[in-house]
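Using my numbering, the first residue of the sequence shown is number 44, and each one after it goes up by one.
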Amino acid sequence: MIKYILCYFFLLGFQQSLAQPNLDALRKAYPLASTDKEVCKKQLATLQTIENLTNIELAYSGAYHAVWAKHAESPLARLNSFKKGKDELERAIAKDNANIEIRFLRLTIQYHAPKIVRYKINIDDDLQVVLAQYDQISSKIIKDNIKDFLSQTNLLSSQQRQKFK
Numbered sequence: 044m045i046k047y048i049l050c051y052f053f054l055l056g057f058q059q060s061l062a063q064p065n066l067d068a069l070r071k072a073y074p075l076a077s078t079d080k081e082v083c084k085k086q087l088a089t090l091q092t093i094e095n096l097t098n099i100e101l102a103y104s105g106a107y108h109a110v111w112a113k114h115a116e117s118p119l120a121r122l123n124s125f126k127k128g129k130d131e132l133e134r135a136i137a138k139d140n141a142n143i144e145i146r147f148l149r150l151t152i153q154y155h156a157p158k159i160v161r162y163k164i165n166i167d168d169d170l171q172v173v174l175a176q177y178d179q180i181s182s183k184i185i186k187d188n189i190k191d192f193l194s195q196t197n198l199l200s201s202q203q204r205q206k207f208k
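Take a look at the structure:
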């Protein structure tokens, strides 16, 4: 029995280590997705191959779908893609409200969302979570993404901006 339990935890750890490269690729590509249609398309295709998305992967799927709306050709396709992205992001947040990475993804989408879609309600809350937990982030990729995003926005006070220089 102990052998089975140990084997289970070994396989679980192995599965997590296999998933990490995909997650790192999603993280690295995310800042490019809004300006590069092919990058966005590739990451969406990668996410569609994953059977059971983790909360983080679900959040990235939502973020990439929302970004894809910018690249879609017809207004209906744009609206549908954005709506799907919004729904996936909100499901991920409902499952893990305290996760800074998921809150950061929603912050980026809401910040860039057109006013017509009325999806800007959580910007202040998400920003406060990101600022409060920023120093606890261990991933350099996530920290760099947050720093780069915030430095390009008008969300920070001059005092807060000093932290990200």
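Cβ coordinates follow ideal geometry from the N, Cα and C atoms, glycine included.
Simplified DSSP assignment, three categories, for residue i
| i | result |
| --- | --- |
| residue 165 | coil |
| residue 190 | helix |
| residue 124 | helix |
| residue 96 | coil |
| residue 65 | helix |
| residue 89 | helix |
| residue 57 | A caution first: residue 57 carries a pLDDT of 43, below 50, which makes its placement in the model unreliable, though a value can still be read off. Correct three-state label for residue 57: helix. |
| residue 157 | coil |
Cβ pair residue i, residue j closer than 9 Å
| i | j | result |
| --- | --- | --- |
| residue 90 | residue 138 | no |
| residue 105 | residue 131 | yes |
| residue 99 | residue 135 | yes |
| residue 182 | residue 70 | yes |
Distance, residue j Cα to residue i Cα
| i | j | result |
| --- | --- | --- |
| residue 68 | residue 159 | 31 Å |
| residue 169 | residue 146 | 5 Å |
| residue 123 | residue 193 | 28 Å |
| residue 198 | residue 115 | 28 Å |
| residue 150 | residue 202 | 20 Å |
| residue 177 | residue 184 | 12 Å |
| residue 74 | residue 188 | 7 Å |
| residue 93 | residue 133 | 19 Å |
| residue 118 | residue 174 | 35 Å |
| residue 79 | residue 95 | 27 Å |
| residue 97 | residue 88 | 16 Å |
8 Å Cβ shell around residue i - same chain, five flanking residues per side excluded
| i | result |
| --- | --- |
| residue 77 | 83, 110, 113 and 155 |
| residue 153 | 162, 163, 164, 165, 166 and 169 |
Sequence-distant residues of its chain with Cβ nearer than 6 Å to residue i (five each side left out)
| i | result |
| --- | --- |
| residue 141 | none |
| residue 127 | 108 |
| residue 148 | 102 and 106 |
Sequence-distant residues of its chain with Cβ nearer than 7 Å to residue i (five each side left out)
| i | result |
| --- | --- |
| residue 172 | 143 and 146 |
| residue 190 | 207 |
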